[in-house]
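Engineer: 1 is the number of the first residue of the sequence shown in UniProt numbering; add one for each residue after it.
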Amino acid sequence: MLCAESRKDMEDWISSLKSVQTREPYEVAQFTVEHFSGMHNWYACSHARPTFCNVCRESLSGVTSHGLSCEVCKFKAHKRCAVRAINNCKWTTLASIGKDIIEDEDGVAMPHQWLEGNLPVSAKCAVCDKTCGSVLRLQDWKCLWCKTMVHTACKDSYHPVCPLGQCKVSIIPPIALNSTDSDGFCRATFCFCVSPLLVFVNSKSGDNQGVKFLRRFKQLLNPAQVFDLMNGGPYLG
């Protein structure tokens, strides 16, 4: 007997089981859109400290108000503002970086991907070592990859190449996913001194605690390295 808390959960379970039986990728179109278009993946959440919308720059009114947060890059938005959010979620491939790519005589290098505002209270600028961020407004910046934080005035002075942070050995850099074959699959360029992870999580496991693991791994790694088994996992082959 198959049981679920809601009709939607039941339909998700049935669709997933059918995809396994037929060995067809489940919701492939959704996977492609989420990972390669820069679209945000929203979920409703409360905030324990003053937080600001990355679209209109106004406060998400009330200390515990319900707003939307992207599960990958933590971009914040009012529900009314989410439709106007630009598609600038965490990069996955070279093509997704676009005009921000760094080119030199050695080829291409990974730039920082900055998100404005909502920095932790203890944030310090990597350039001047002074406190940055604010609980009064949306200000200053944090890199989604190396977690470096800088003042707006200091940002242009910081080294432009991103070192990818403490998890760099486990990350497939977006600049390494730079080509597709005839079937549309990405091909990774070999990177020295790295041992990238592929993460497979069942989002329904542990009383739905798997969702939290999915979000955290997407924040730490390249989102293209993280697969939800309830959405069929990776492509076959």
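Heads up, the beta-carbon is just placed ideally off N, CA and C, and yes, glycines get one too. Remember, it's a predicted structure, so these values are computed and weren't measured experimentally.
1. For K218, name the three-state secondary structure that DSSP assigns.
2. Could you check whether C125 and H151 sit closer than 7 Å to each other, using their CB atoms as the reference points?
3. For a test of the three-state rule: what should DSSP assign to D156, helix, strand or coil?
4. Have a look at L221 and I86 and give me their C-alpha separation to the nearest angstrom.
5. So A44 is in the beta strand (DSSP E); what residue range does that whole segment cover?
6. Measuring CB to CB, does H112 end up less than 7 Å from C162?
7. How should L68 be labelled, buried or exposed, when 16 other C-beta atoms within 10 angstroms of its C-beta is the threshold for buried?
8. Taking DSSP as the reference, what is the three-state secondary structure of M149?
9. C53: buried (16+ other C-beta within 10 angstroms of its C-beta) or exposed?
10. Using the Cα positions of V55 and A77, report the straight-line distance between them to the nearest angstrom.
11. On the DSSP bridge assignment, give the partners of G38 in chain order.
12. Quick one: using the 10 Å Cβ neighbour count with 16 as the cut-off for buried, is residue 258 buried or exposed?
13. Could you give the C-beta distance for T51 and P174, rounded to a whole number, given that I count them as a contact under 8 Å?
14. Which residues does DSSP pair with W141 in a beta bridge?
15. Based on Cα-Cα distance, which residue from M110, V226, C146, D228 lies nearest to L94?
16. Would you decide whether Q209 is buried or exposed? Buried here means 16 or more other CB atoms lie within 10 Å of its CB.
17. Would you kindly check if the distance between the Cβ of V211 and the Cβ of F217 is under 7 Å?
18. On a CA-only basis, which of Q166, I102, N88 is nearest S96? Give me that one, please.
19. Mapping the DSSP letters down to three states, classify residue 260 as helix, strand or coil.
20. Alpha carbon to alpha carbon, how far is P196 from Q21? Give it in angstroms, no decimals.
21. Look at the alpha carbon of K147 and the alpha carbon of G38, and state the distance between them as a whole number of angstroms.
22. Taking the beta strand (DSSP E) that G206 belongs to, which residues open and close that run?
23. What span of residues does the beta strand (DSSP E) with I101 cover, start to end?
24. Can you list, in chain order, the residues of its chain whose CB lies under 6 Å from that of R57, leaving out five sequence neighbours each side?
25. Rounded C-beta distance between L177 and A123? I'm assuming under 8 Å.
Structural biologist: This is what the structure gives:
1. Position 218 of the sequence shown, counting from 1, holds the residue named residue 218. Helix at K218.
2. As a position in the sequence shown, residue 151 is number 151, starting the count at 1. As a position in the sequence shown, residue 125 is number 125, starting the count at 1. Cβ distance < 7 Å, so H151 and C125 count as in contact.
3. Within the sequence shown, the letter at position 156 stands for residue 156. Shown here, D156 sits in a helix according to DSSP, grouped into three states.
4. Counting from 1 along the sequence shown, the entry for residue 221 is found at position 221. Counting from 1 along the sequence shown, the entry for residue 86 is found at position 86. L221 and I86: Cα-Cα distance of roughly 22 Å.
5. The residue labelled residue 44 in the question sits at position 44 within the sequence shown. Residues 42-46.
6. In the sequence shown, counting from the first residue as 1, residue 112 sits at position 112. In the sequence shown, counting from the first residue as 1, residue 162 sits at position 162. Yes; because the gap between Cβ atoms is below 7 Å, this pair is in contact.
7. As a working mapping, residue 68 is identified with position 68 in the sequence shown. Buried, by the Cβ-count rule.
8. As a first step, residue 149 must be located in the sequence shown, where it is residue number 149. Strand.
9. Stepping through the sequence shown from its first residue, residue 53 is reached at position 53. Burial call: buried.
10. Position 55 of the sequence shown, counted from the start, is the residue given in the question as residue 55. Position 77 of the sequence shown, counted from the start, is the residue given in the question as residue 77. One C-alpha to the other measures close to 6 Å.
11. Stepping through the sequence shown from its first residue, residue 38 is reached at position 38. None; G38 has no bridge partner.
12. No answer is possible for residue 258: it lies beyond the span of the chain, which begins at 1 and ends at 237.
13. As a first step, residue 51 is located in the sequence shown; it is residue number 51 there, counting from the start. As a first step, residue 174 is located in the sequence shown; it is residue number 174 there, counting from the start. About 27 Å separates the Cβ atoms of T51 and P174, ruling out a contact at the 8 Å cut-off.
14. Mapped onto the sequence shown, residue 141 falls at position 141. Partner(s): E116, V150.
15. The residue you call residue 94 lines up with position 94 of the sequence shown. Nearest option by C-alpha distance: M110.
16. Mapped onto the sequence shown, residue 209 falls at position 209. By the neighbour-count rule (16 or more Cβ atoms within 10 Å), Q209 is not buried but exposed.
17. For the purposes of this step, residue 217 is identified with residue 217 of the sequence shown, where counting begins at 1. For the purposes of this step, residue 211 is identified with residue 211 of the sequence shown, where counting begins at 1. For F217 and V211, no; Cβs fall outside 7 Å.
18. Taking the first residue of the sequence shown as 1, we reach residue 96 at position 96. The option with the nearest alpha carbon to S96 is N88.
19. This structure leaves residue 260 out entirely; the chain is present only between 1 and 237.
20. If you number the sequence shown from 1, residue 21 lands on position 21. If you number the sequence shown from 1, residue 196 lands on position 196. With a pLDDT of 46 at Q21, under the threshold of 50, the modelled position of that residue is not reliable, and no figure is offered here.
21. Position 147 of the sequence shown, counting from 1, holds the residue named residue 147. Position 38 of the sequence shown, counting from 1, holds the residue named residue 38. For the pair K147 and G38, the Cα-to-Cα distance works out to about 19 Å.
22. Within the sequence shown, residue 206 is the residue found at index 206, counting from 1. Here G206 belongs to no beta strand (DSSP E); instead the alpha helix (DSSP H) covers 205-208.
23. As a working note, residue 101 is residue 101 in the sequence shown. In this chain, I101 is not harboured by any beta strand (DSSP E), its DSSP state being neither H nor E.
24. Here residue 57 refers to the residue found at position 57 when the sequence shown is read from its first residue. Close CB contacts of R57 within its chain, under the 6 Å cut and outside five residues either way in sequence, are with L138 (chain order).
25. On the sequence shown, residue 177 is found 177 positions in, with the first residue counted as 1. On the sequence shown, residue 123 is found 123 positions in, with the first residue counted as 1. Not really, about 30 Å apart at Cβ, beyond 8 Å.
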